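Participant: My numbering numbers the first residue of the sequence shown as 858 and each following residue consecutively. Following this message is one structure expressed as structure tokens.
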Amino acid sequence: MSQPDLPTETRALVFEKSTSGPFVYDVVIATLPIPPLTQGQLLVRIGAAGFNHRDVSLRSVAIF
């Protein structure tokens, strides 16, 4: 049985500093590389994910 080609990139929600203020972060969809899998790891395809009100409120909190 042949192995399927694995994707090399993924889309992710990423917090980025906003120009709106010093402690405000915007959430953007970014394309990121998928690191190579090592032994014992597997890659899972996610069809949908939630982003709720609490997640939105985190964008106005200082991170780190």
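We put the beta carbon where it would ideally sit given N, CA and C, even for glycine. Keep in mind that this is a model prediction, so the values were computed, not measured.
Under a three-way DSSP split, which group does phenylalanine 921 fall into?
Facilitator: Position 64 of the sequence shown, counted from the start, is the residue given in the question as residue 921. Model confidence at phenylalanine 921 stands at a pLDDT of 49, short of 50, so the residue's coordinates are unreliable; what they give is reported in the following sentence. In the structure shown, phenylalanine 921 sits in coil (DSSP, three-state: anything other than H, G, I, E or B).
Participant: Considering just the uninterrupted stretch of the beta strand (DSSP E) at arginine 868, what are its terminal residues?
Facilitator: Stepping through the sequence shown from its first residue, residue 868 is reached at position 11. Counting along the chain, the beta strand (DSSP E) containing arginine 868 begins and ends at 866-874.
Participant: Report the residue from Lys874, Ser877, Leu894, Ser875 whose alpha carbon sits nearest the alpha carbon of threonine 865.
Facilitator: For the purposes of this step, residue 865 is identified with residue 8 of the sequence shown, where counting begins at 1. Answer by Cα proximity: Leu894.
Participant: From aspartate 862 to arginine 911, what distance separates their C-alpha atoms?
Facilitator: The residue you call residue 862 lines up with position 5 of the sequence shown. The residue you call residue 911 lines up with position 54 of the sequence shown. If you take the alpha carbons of aspartate 862 and arginine 911, they lie about 36 Å apart.
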